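Asker: Basically my numbering = 1-based index in the sequence shown + 25.
Using N, Cα and C, we set each Cβ at its ideal position, and we do this for glycine too.
What you are looking at is a predicted structure, and each value in this text was computed from that prediction instead of being measured.
Please see the structure below; I have some questions.
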Amino acid sequence: MKKRTKIWYLILGLFFISAYTLIMLWVRKDNPTAVRTHYFTAWRKSYLVKVPKTKSSYVRMTVNGEKRYTTSEAVGYGMYLTVMGADNNPHAQRDFNQLTRYYLDHRLKKSSLMSWRQHIKCKKYSADQTSASDGDIIIAHALILAYRKWQQPSYRKLAKKLAADIMASEINQQNYTVQLGNWVSPKSKYYHYIRTSDCIPYAFDDLYDLTGDERWIKVRQSMLHYLGTLSAQHKTGLIPDFAKISGQKAVPAKPNSIATKEDGDYSYNSCRIPMLLAGYQKNGAPKILHKMLRFFKNTNYAAAGYKLNGKPLTLSQSASFDAPIFAAVNVDKTPEFSDLYMRTQYIFARKLPTDNYYDATLTLLALYETPIKD
Numbered sequence: 026m027k028k029r030t031k032i033w034y035l036i037l038g039l040f041f042i043s044a045y046t047l048i049m050l051w052v053r054k055d056n057p058t059a060v061r062t063h064y065f066t067a068w069r070k071s072y073l074v075k076v077p078k079t080k081s082s083y084v085r086m087t088v089n090g091e092k093r094y095t096t097s098e099a100v101g102y103g104m105y106l107t108v109m110g111a112d113n114n115p116h117a118q119r120d121f122n123q124l125t126r127y128y129l130d131h132r133l134k135k136s137s138l139m140s141w142r143q144h145i146k147c148k149k150y151s152a153d154q155t156s157a158s159d160g161d162i163i164i165a166h167a168l169i170l171a172y173r174k175w176q177q178p179s180y181r182k183l184a185k186k187l188a189a190d191i192m193a194s195e196i197n198q199q200n201y202t203v204q205l206g207n208w209v210s211p212k213s214k215y216y217h218y219i220r221t222s223d224c225i226p227y228a229f230d231d232l233y234d235l236t237g238d239e240r241w242i243k244v245r246q247s248m249l250h251y252l253g254t255l256s257a258q259h260k261t262g263l264i265p266d267f268a269k270i271s272g273q274k275a276v277p278a279k280p281n282s283i284a285t286k287e288d289g290d291y292s293y294n295s296c297r298i299p300m301l302l303a304g305y306q307k308n309g310a311p312k313i314l315h316k317m318l319r320f321f322k323n324t325n326y327a328a329a330g331y332k333l334n335g336k337p338l339t340l341s342q343s344a345s346f347d348a349p350i351f352a353a354v355n356v357d358k359t360p361e362f363s364d365l366y367m368r369t370q371y372i373f374a375r376k377l378p379t380d381n382y383y384d385a386t387l388t389l390l391a392l393y394e395t396p397i398k399d
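Right, here's the structure in full:
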């Protein structure tokens with residue numbers, strides 16, 4: 026009798042959890058502006074940190090008790106989201122200016138490129154003296170969008186200076202790929218490596234519009250070309266975090282070539298690709314994206330990382346992987362991927378995490394990269 030009672034309690038519990046989730050999804054689907062405001066407010070409260078006695082702010086990447094640091098990527102995403110979320114944040118331009126101030130205070134010497142990482146200890150800041158290309162590209166893109174939003178000439182001026190330094194110091198002038206950072210020289214063993222999530226075609230187009238420099242079109246074409254060659258190598262269409270360029274082809278990086286043992290896997294860098302290509306129509310981007318989405322469609326759920334042959338690296342899920350998929354299928358609107366849309370909505374049926382910068386930030390990005398209308 027007790028066993029039967031426990032089973033009924035379990036069934037009732039699952040019923041109420043499922044009902045609550047469905048209700049929350051329905052409410053949030055029908056109130057997108059409220060959802061954006063709620064999530065942006067939560068993200069701002071948890072991750073935007075004011076630097077004491079200054080007019081600058083940074084984006085917190087670590088939880089309490091860990092060594093504090095932030096990166097140019099985090100600051101760039103903060104700037105980008107502040108512009109995208111301006112209609113849901115009465116302090117948007119002030120926040121953007123404070124993040125921009127932090128960027129300006131942590132540029133490399135005699136350069137517009139930003140130090141890729143800053144360590145924060147006892148309210149003192151020390152910065153690494155090299156750059157990371159993805160952070161600089163995101164910052165430049167955010168400045169362009171901010172100029173369009175608020176028509177502040179200084180944003181455009183900063184973006185042009187940064188664009189020039191990115192092109193001079195972070196773009197491979199032989200094949201027009203994005204290098205890992207300014208520390209990569211032609212003699213470096215990393216000279217022919219790319220971080221696949223540095224393929225940000227919308228940013229490249231906006232940088233071309235800003236500068237008139239046709240090399241940005243070459244960068245977009247080249248990066249998408251190499252993503253296409255990587256996509257074609259496996260039935261899954263999955264793309265690794267890092268790849269090595271050899272002529273017109275690219276091959277997945279070997280484990281620990283750049284950062285981790287997952288360098289050659291679909292992991293925490295390349296998981297952003299579905300969102301980065303969402304809705305983009307040039308240079309084979311739809312083919313790359315759709316092949317990847319078909320793989321996810323035929324899984325029970327998206328795991329938090331894969332070997333390129335489709336073998337999961339873990340059985341767990343992560344919003345860092347599901348949020349970009351949600352953004353891609355929501356922008357694409359192809360009926361073929363409607364199941365993926367339903368499966369990935371769970372990330373909006375729960376509170377935004379306060380202890381995971383990457384999950385929270387990609388979730389918020391997915392919300393703003395999709396054409397939701399009231």
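Can you check which of these residues, LEU106, ALA284, LEU205, is closest to LEU124 by C-alpha distance?
Answerer: LEU106
Asker: With DSSP run on the structure shown, which of helix, strand or coil describes THR87?
Answerer: coil
Asker: In whole angstroms, what separates the C-alpha of ARG319 from that of PRO337?
Answerer: Per the coordinates, the alpha-carbon of ARG319 lies some 16 Å from the alpha-carbon of PRO337.
Asker: Report the residue from PHE373, PRO378, ALA385, ASN381 whose alpha carbon sits nearest the alpha carbon of ALA59.
Answerer: PHE373
Asker: Rounding to the nearest angstrom, what Cα-Cα distance links ARG61 and LEU133 in this structure?
Answerer: 35 Å
Asker: For GLY101, which residues in the same chain have their Cβ closer than 7 Å to its Cβ, ignoring the five residues on either side in sequence?
Answerer: Answer for GLY101: GLY160, ILE163, ILE164, ALA167, listed in chain order.
Asker: Check whether the Cβ atoms of SER295 and ILE264 lie closer than 8 Å to each other.
Answerer: Cβ atoms of SER295 and ILE264: closer than 8 Å.
Asker: Taking the beta carbon of HIS144 as the centre, do at least 16 other beta carbons fall within 10 Å, making it buried, or is it exposed?
Answerer: exposed
Asker: Can you tell me whether DSSP reads ALA67 as helix, strand or coil?
Answerer: helix
Asker: Less than 7 Å between C-beta atoms, sequence neighbours within five positions excluded: which residues of the same chain meet that for ASN325?
Answerer: none
Asker: Would ASP357 pass as a contact of GLY272 if the rule is Cβ separation under 8 Å?
Answerer: In terms of Cβ geometry, ASP357 and GLY272 do not form a close pair [threshold 8 Å].
Asker: Hey, how far is the Cα of ASN114 from the Cα of LEU389?
Answerer: 14 Å
Asker: Could you round the C-beta distance between SER82 and TYR127 to whole angstroms and report it? I think they count as a contact, below 8 Å.
Answerer: Rounded, the Cβ-Cβ distance is 6 Å, consistent with contact.
Asker: Counting beta carbon pairs with one atom in the segment 283 to 290 and one in the segment 359 to 375, are three or more of them shorter than 8 Å?
Answerer: no
Asker: Between which two residues does the alpha helix (DSSP H) harbouring PRO299 extend?
Answerer: 298 to 301 is the extent of the alpha helix (DSSP H) around PRO299.
Asker: Among GLN204, ALA353, ALA385, which residue has its Cα nearest to the Cα of SER343?
Answerer: Minimum Cα distance to SER343 is reached at ALA385.
Asker: Helix, strand or coil for LEU50 per DSSP?
Answerer: Annotation note: pLDDT 49 at LEU50 (below 50); position unreliable, coordinate value reported separately. Reduced to three states, the DSSP call for LEU50 is helix.
Asker: What would DSSP say about THR155, mapped onto helix, strand or coil?
Answerer: coil
Asker: Short of 7 Å in beta carbon distance, which residues of its chain neighbour TYR201, apart from the five on each side in sequence? Order them along the chain.
Answerer: Exclusion of the five residues before and after TYR201 leaves ARG240, LYS243, VAL244, SER247 as the residues of its chain whose Cβ lies within less than 7 Å of its Cβ.
Asker: Mark ASN355 as exposed unless 16 or more other C-beta atoms lie within 10 angstroms of its C-beta, in which case mark it buried.
Answerer: Its Cβ being crowded by 16 or more others within 10 Å, ASN355 is buried.
Asker: Distance, Cα to Cα, VAL203 vs ILE313?
Answerer: VAL203 and ILE313: Cα-Cα distance of roughly 19 Å.
Asker: Within its chain, find whatever has a CB closer than 8 Å to the CB of THR339; leave out the 5 residues flanking it on each side and keep chain order.
Answerer: ALA328, ALA329, GLY330
Asker: Mind reading off the beta-carbon distance from SER222 to LEU333? Whole number of angstroms is fine, and I expect it under 8 Å.
Answerer: SER222 to LEU333, Cβ: 15 Å. No contact.
Asker: Less than 8 Å between the beta carbons of VAL84 and ALA67, yes or no?
Answerer: no
Asker: Just list the residues that DSSP pairs VAL74 with in beta bridges.
Answerer: Answer is TYR83.
Asker: From LYS322 to LYS260, what distance separates their C-alpha atoms?
Answerer: 13 Å
Asker: Measure the CB-CB distance between PHE267 and TYR218 and report whether it falls below 8 Å.
Answerer: Going by C-beta atoms, PHE267 is nearer than 8 Å to TYR218.
Asker: Over what stretch of residues does the beta strand (DSSP E) that includes LYS146 continue unbroken?
Answerer: 142 to 146
Asker: If you reduce the DSSP assignment to three classes, tell me which class ALA167 lands in.
Answerer: helix
Asker: Identify which residue in TYR227, GLY237, TYR233, LEU235 has its Cα closest to the Cα of LEU5.
Answerer: The requested residue 5 does not occur in the structure, where the chain is confined to residues 26 to 399.
Asker: Out of ASP120, ALA111, LYS78, VAL276, state which residue places its alpha-carbon closest to the alpha-carbon of TYR72.
Answerer: ASP120
Asker: Among the candidates ASP112, LYS212, ILE169, MET317, whose CA atom is the shortest distance from the CA of ASP234?
Answerer: When C-alpha distances from ASP234 are compared across ASP112, LYS212, ILE169, MET317, the shortest belongs to ILE169.
Asker: Do you know offhand how far TRP51's Cα is from THR369's?
Answerer: Any reading at TRP51 must be qualified, since the residue scores a pLDDT of 44, below 50, and its modelled position is unreliable; no value is offered.
Asker: Can you tell which of LYS274, ASN89, GLY206, LYS269 has its C-alpha closest to the C-alpha of ASP380?
Answerer: It is ASN89.
Asker: Could you tell me which of GLY110, ASP231, ARG142, THR155 sits nearest to TRP208, measuring between CA atoms?
Answerer: Of the candidates GLY110, ASP231, ARG142, THR155, the residue whose Cα lies closest to the Cα of TRP208 is THR155.
Asker: Output yes or no for whether 8 Å exceeds the beta carbon distance between ALA352 and ALA391.
Answerer: Yes.
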